[in-house]
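A.B. asks: Structure below; questions to follow.
In this note's numbering, the protein residues as written are 2 to 115.
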């Protein structure tokens with residue numbers, strides 16, 4: 002099992018950038034697929050980005066070209082760099098780790114509003 006703690010959320014204006022970070026504790030982080038989901042009010046949870054153990058990344062169409070996921074296996078962290086934010090990106094963002102089972106962080110709120 003992996004414990005995950007997200008940070009970096011907040012209130013920003015349209016067009017701004019924000020960087021989310023997820024710190025993982027527990028062993029074998031390097032063997033986990035990592036990623037980010039988000040859930041907006043009244044909507045289903047949506048996969049935003051995923052990064053595999055060999056650092057191959059995939060993104061939701063809605064964030065391609067704006068968001069970048071990365072991982073640091075030495076520091077047991079995964080980050081989500083979000084650029085050109087718009088109000089549709091407003092959601093609670095959840096970090097997850099998957100190796101067989103899926104472990105979740107508690108979520109961090111991102112609000113994009115003028």
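From the three backbone atoms N, C-alpha and C, an ideal C-beta is built for every residue, glycine too.
(1) Alpha carbon to alpha carbon, how far is residue 99 from residue 34?
(2) Consult DSSP for residue 104 and reduce its assignment to one of helix, strand or coil.
(3) Is it buried or exposed, residue 59, if we count other Cβ atoms within 10 angstroms and call 16 or more buried?
(4) Where do the ends of the beta strand (DSSP E) carrying residue 110 lie?
(5) Taking DSSP's pairing of strands, which residues face residue 92 in a bridge?
(6) Would you call the region 94-112 and the region 63-70 in contact, with 3 or more CB pairs under 8 Å?
(7) Among 90, 96, 47, which one has its Cα closest to the Cα of residue 18?
C.D. replies: Reading off the structure:
(1) 5 Å
(2) strand
(3) exposed
(4) 109-113
(5) 111.
(6) With a cut-off of 8 Å, the region 63-70 and the region 94-112 do not count as touching, because too few Cβ pairs lie within range.
(7) Nearest of 90, 96, 47 to residue 18, Cα basis: 90.
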